[in-house]
Amino acid sequence: MTTTRGALAGLLAGCALALAPAPPALAGDSPQAGNPAQARGSAPCGTSYATAPIEVSEPGLWTYTYVLAWCSDGTAITSAEQRITHREHSAACTWAGRQEESIVVGDGHWTAFDMSAYTCAVDGGTYGVNPWASVTFRPDGGYRERSGAERQ
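Mind the numbering: the sequence shown is residues -27 to -1, 1 to 125 in mature numbering (1 follows the signal peptide of the UniProt record, and there is no 0), read in order.
Below, the structure written as structure tokens:
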């Protein structure tokens, strides 16, 4: 799935994220994960943005939700933080953890990527599945997202 969002949508999503209750904390989550600058102990965030939650799921088995938050000084991105939550809807699947995380600084935009893993035992067989999300984002709050799941 590919979605392009404008600066206003990113700003509104950031406001909604700030007002919405935080998702359950995961091991390693920062208590200030909503503000990437504060989470890293750097200067306060000039303008904060966040993606709308990106959800990938295998109905009845599991759901992976990804949110990217970033700060901008108006002309450049100053920090970014990825946050994921996972839910298992059946004892057939087990969360195996995050497999890959990256944030690549580009010229005028950054790109964030996260891939996680589940192991599922269904119909007498076992398989792995890797849900993932990728977001290319700009200092003005605009972003483009892609997501999916690769079955192993």
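Glycine included, C-beta positions come from ideal geometry on N, C-alpha and C.
Less than 8 Å between the CB atoms is what I'm expecting for residue i and residue j, so what's the real figure, rounded?
| i | j | result |
| --- | --- | --- |
| S45 | P112 | 4 Å |
| D87 | Q125 | With a Cβ gap of about 17 Å, D87 and Q125 do not count as contacting. |
On the DSSP bridge assignment, give the partners of residue i in chain order.
| i | result |
| --- | --- |
| Q120 | For the sequence presented, residue 120 should be read as Ser rather than Gln. For S120, which the question treats as bridged, DSSP gives the partners A106. |
| H59 | Y37 |
| R71 | S89 |
| A94 | T99 |
| A23 | A42 |
| A53 | W43 |
| C66 | C93 |
Rounded to the nearest angstrom, what separates residue i and residue j at their Cα positions?
| i | j | result |
| --- | --- | --- |
| G7 | A42 | Summary for G7: the model assigns pLDDT 49, below 50, so the residue's position carries little reliability; its value from the coordinates is reported in the next sentence. Roughly 7 Å separates the two Cα atoms. |
| W35 | A85 | 23 Å |
| A65 | P17 | 43 Å |
| S52 | Y39 | 17 Å |
| G79 | W68 | 32 Å |
Who are the near neighbours of residue i in its chain, counting only those whose CB is closer than 6 Å to its CB and skipping five residues on each side?
| i | result |
| --- | --- |
| R71 | S89 |
Just verifying my parser: in three-state terms, what is the DSSP assignment at residue i?
| i | result |
| --- | --- |
| T48 | coil |
Looking only at its chain, what residues have a beta carbon closer than 7 Å to the beta carbon of residue i, apart from the 5 residues adjacent to it on each side?
| i | result |
| --- | --- |
| V95 | A65 |
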